Structure formats: structure tokens, C-alpha cells
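So the sequence lines, in the order shown, correspond to chains A and B. Letter 7 of the first sequence, counting from 1, is numbered 9 in the working numbering, and no numbers are missing. Letter 139 of the second sequence, counting from 1, is numbered 1532 in the working numbering, and no numbers are missing. A virtual CB, placed ideally from N, CA and C, is assigned to each residue, including glycine. What you are looking at is a predicted structure, and each value in this text was computed from that prediction instead of being measured. Contents: one structure, followed by commentary.
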Amino acid sequence: CSTADLGPISLNWFEELSSEAPP
Amino acid sequence: RPTEQTETADLPACDSLNPGNLQLVSELKNPSSSCSVDVSAMWWERAGTKEPCIITACEDVVSLWKPLNSLQWEKVHTWHFTEVPVLQIVPVPDVYNLICVALGSLEIREIRALLCSSGDESEKQVLLKSGDIKAVLGLTKRRLVSSTGNFCNQQIQIMSFAEDGSSKDEQLLMPPDETVLTFAEVQGTQEALLGTTTVNSIVIWNLKTGQLLKKVHIDDSYQASVCHRAYSEMGLLFVVLSYPCAKESQAFGSPVFQLLVINPKTARSVGVLLCSLPQGEAGRFLEGDVKDHIAAAVLTSGTIAIWDLLLGHCTALLPPVSDQSWSLVKWSGTDSHLLAGQKDGNIFIYR
């Protein structure tokens, strides 16, 4: 499986999405 | 690869699979007039000592069995249900003196906690929640998540238990605009929770803050997928789904489990592995359980099939024993054993 189809990957996705999502 | 090019797991012929990979360890005879509905293995604390116990559930009775020795089990507690039948056991990790059960007819109407009073060890049951309950799952750190109602009035609630098993705290998660069908905790990211919805989305929450972080729409090839496990690794989410409603196709055979990889940042996903029935094995997925990288399923043919998700193929088939079809399969929460159940209430434990 190529991860290129998945777009840019972030190791800190959980923290980043938590800071972007509405409270 | 795009999902339509999902790699199909090898399809070894039925007769090349060795049921000897599974060795019978012991058996629980549970003669009951009602139908066997679930089985689970958990740690239970008695007089300050934790023991690996087995819970069996029939429609009108739930029993706790403790080990007498490595081969024999003794029934030590039973809880009876006369009004609403038992649907499933809801294991709650990190709780050692309480069993949760879901009750109802087809759909869950109640969640109850089953416990024993500390004084006389008599069985007690406490109503935790009632209503139109769509999904329930026990979580680590003595928590239970449940969803009630449908997309327009949906409530997603986390209930916490104290060490003695009493209900301690309640918290709400932000509901998505789609009805949630199943939940899965994420190994590797402690406070993340996944849910699958009726319209084939996977939603991600932050359990600590209750925030809804992302909605990922997955492939529409198979509807009403059930999420069994989720693992977070190197910035990606690996999700094991099963497809109880999937139809057989020429290209993929009869799909049972799929390993999907999701990038939570971009909400893009690809299927990486599709586990189909071994060639010559008829039927489709009835129910199943996944632990670490091993997936087990009861098929409509009455056989149990086991896949190694790392090897990518079926590793064992367990045909019906004594002409009795299998109806339940669960991985033990206390060791690496497999619990296989028949409708008449008999449970077989395999290594």
C-alpha cells in the first residue's frame, strides 16, 4: 500500500486535531 | 492503493488448514433451558485475590465461573433476568468486581451492572442506563461508552466507575450528525475513541475533552461495517472492520474482515488487506472478535475461522463439534485462549 494516496502524515495528529476542533 | 484494488488475503483451500492449531483445554457444561448469547473471560476479585474467571450469558441468566484447576470450572454466582432478556456481556477493562450486561430484544434497552455485596457475597444488579441504546463498549480506565437515540437526538455518554465498581462520573461526547453503530478504543493513542456510523463513516473523538475530531467517509462497497480494533502507528490509524452484510463477489470471494488504514489528518483511507473465506468454505460472517493481530469469526456454516492479520491469511478452521454448530467466538481477556460457544450453552476453551 502506498501512503502517498493518504496525503501528508503527522505523528502528532491527535494533538493537532484537538487544537483545531471546536471545544 | 485505492480501495477497489484492496489486496485480497491468500485463499488457501479448506483442507490445507489444520484445526490442530487449536488445542482443546477445557469445557464448561452449562445446561440451561434458554439460548446461549455471549461469553467472556475477565479477572474477578474475591477476598483480595484476583482470579481469571469466565462469564457465560444465556437469555435469562448470567453466570460467573471460577477455575477449580486447569481443566475444571465451578459456577460461583448467577444473576437472573425475568423481564428483559440478556443480549450481550460488556467487558469493562480494569474493573475486577463488576460485570456489565446489555439487555433487550434485538435492540439494547438497558445496561446493568452485576456485582456481589461485600458482606454476604449475594448477587446484586444495578440499572446503569435505559432507553434506545444503539451501541455500548467498555473502555480502559474503568469507563463505559454508550450511544442512545439516532442522528437528530443522539447522546454519546462516558460513564466512569470507582475502584469498588460504583458509578462515579458521567461525561458527554459531541455527537456526529450520523447514527453511531459501534465503538473501538485506539491502541497507541490513549484518549482517542473511534465510532462507525450507519452511513459508513468513521468518527474520531478526544475522550478527555469530548471533542469530535474528524469524520472519515470510507468505501461504500460494504454497508454497516463493525469496527473491532484500532491501532495508532506512525501517524496513521489501522482499523479492523468486519462486514456482516457483505455479499460474495467474484473478485474478493466472501469478505469477512478488512484492515483499513486512515490518515486522520487528511481523512483519506485505503484498504490494505481483505480477509475472505478460504476456498471451498461456504457461508458468511455471523459474529467475531479481534485480539492483537488475530481475528476469529463464526460463519453461517457453523464453523469458526481464524485469520492472522500479519500473515494475511486464514490459519485455522474449527468445524462444528458433536454436530453442534458454533454460535459464539471470543478471545479471552485474561490469557491467549479462544472461547467457543454453542447454542445449548456449552463453552469450549482452546489454546
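Less than 7 Å separating the beta-carbons of residue i and residue j?
i: Val1691 of chain B; j: Glu1680 of chain B; result: yes
i: Ile1597 of chain B; j: Pro1657 of chain B; result: yes
i: Val1683 of chain B; j: Val1649 of chain B; result: no
i: Ser1625 of chain B; j: Thr1582 of chain B; result: yes
i: Lys1772 of chain B; j: Trp1458 of chain B; result: An answer regarding residue 1772 of chain B cannot be provided, because it is not within the stretch 1394 to 1744 covered by chain B.
i: Ser1540 of chain B; j: Ile1551 of chain B; result: no
i: Ala1660 of chain B; j: Val1609 of chain B; result: yes
i: Leu1430 of chain B; j: Val1494 of chain B; result: Just to set this straight, residue 1430 of chain B is Val in the shown sequence, not Leu. For Val1430 of chain B and Val1494 of chain B, no; Cβs fall outside 7 Å.
i: Leu8 of chain A; j: Leu1606 of chain B; result: no
i: Ile1448 of chain B; j: Ser1463 of chain B; result: no
i: Arg1677 of chain B; j: Val1418 of chain B; result: no
i: Thr1693 of chain B; j: Leu1710 of chain B; result: no
i: Ala6 of chain A; j: Gln1604 of chain B; result: no
i: Val1479 of chain B; j: Leu1491 of chain B; result: no
i: Glu1420 of chain B; j: Phe1741 of chain B; result: yes
i: Ser1647 of chain B; j: Tyr1636 of chain B; result: no
i: Asp1570 of chain B; j: Phe1544 of chain B; result: yes
i: Cys1446 of chain B; j: Ser1427 of chain B; result: no
i: Leu1586 of chain B; j: Leu1565 of chain B; result: no
i: Lys1522 of chain B; j: Ile1504 of chain B; result: yes
Counting only Cβ pairs nearer than 9 Å, list the residues of chain B close to residue i.
i: Pro23 of chain A; result: It is worth fixing the name first, because residue 23 of chain A is Ala in this sequence and not Pro. Met1567, Asn1599, Thr1602, Gln1604, Leu1605, Leu1606 and Lys1607, listed in chain order.
By the criterion of Cβ-Cβ separation under 8 Å, what are the contact partners of residue i in chain A?
i: Lys1534 of chain B; result: Those do not exist, as Lys1534 of chain B stays about 17 Å from chain A at its closest Cβ, beyond 8 Å.
i: Ala1585 of chain B; result: Phe16
What does residue i touch in chain A if you count any residue whose Cβ is under 7 Å from its own?
i: Ser1661 of chain B; result: A quick correction: the sequence has Arg, not Ser, at residue 1661 of chain B. Near Arg1661 of chain B (Cβ distances below 7 Å), the residues of chain A are Asp7, Leu8 and Gly9.
Beta-carbon of residue i versus every beta-carbon of chain A: anything under 7 Å?
i: Thr1582 of chain B; result: yes
i: Gly1441 of chain B; result: no
i: Gly1588 of chain B; result: no
i: Gly1628 of chain B; result: yes
i: Ala1495 of chain B; result: no
Which chain A residues are close to residue i, counting only those with a beta carbon under 9 Å from its beta carbon?
i: Ala1747 of chain B; result: The structure shown does not extend to residue 1747 of chain B, since chain B is modelled only from 1394 through 1744, so no value can be given for it.
Based on the DSSP output, what are the partners of residue i in its beta bridges?
i: His1610 of chain B; result: B:Ser1594
i: Cys1428 of chain B; result: Note: Cys1428 of chain B sits in no beta bridge, so no partner.
i: Leu1537 of chain B; result: B:Gly1531 and B:Met1552
i: Pro1648 of chain B; result: B:Ser1669
i: Val1455 of chain B; result: B:Ala1450 and B:Trp1472
i: Asp1682 of chain B; result: B:Ala1689
i: Ile1655 of chain B; result: B:Leu1630 and B:Ser1662
i: Phe1576 of chain B; result: B:Gly1588
i: Pro1460 of chain B; result: B:Trp1466
Is residue i near the ligand GTP, going by C-beta to nearest heavy atom under 6 Å?
i: Glu1503 of chain B; result: By its list of ligands, the structure shown contains no ligand whatsoever, and the ligand GTP lies outside what it can speak to.
Is there at least one Cβ from chain D nearer than 7 Å to residue i's Cβ?
i: Gln1564 of chain B; result: No chain D is present in this structure, whose protein chains are A and B.
Practice item. May I ask you to list, following chain order, the residues of the segment 1651-1684 of chain B that have a beta carbon less than 7 Å from some beta carbon of chain A? Key: For the segment 1651-1684 of chain B, the residues whose beta carbon sits under 7 Å from a beta carbon of chain A are, in order, Val1654, Asn1656, Pro1657, Lys1658, Thr1659, Arg1661, Val1663 and Val1665.
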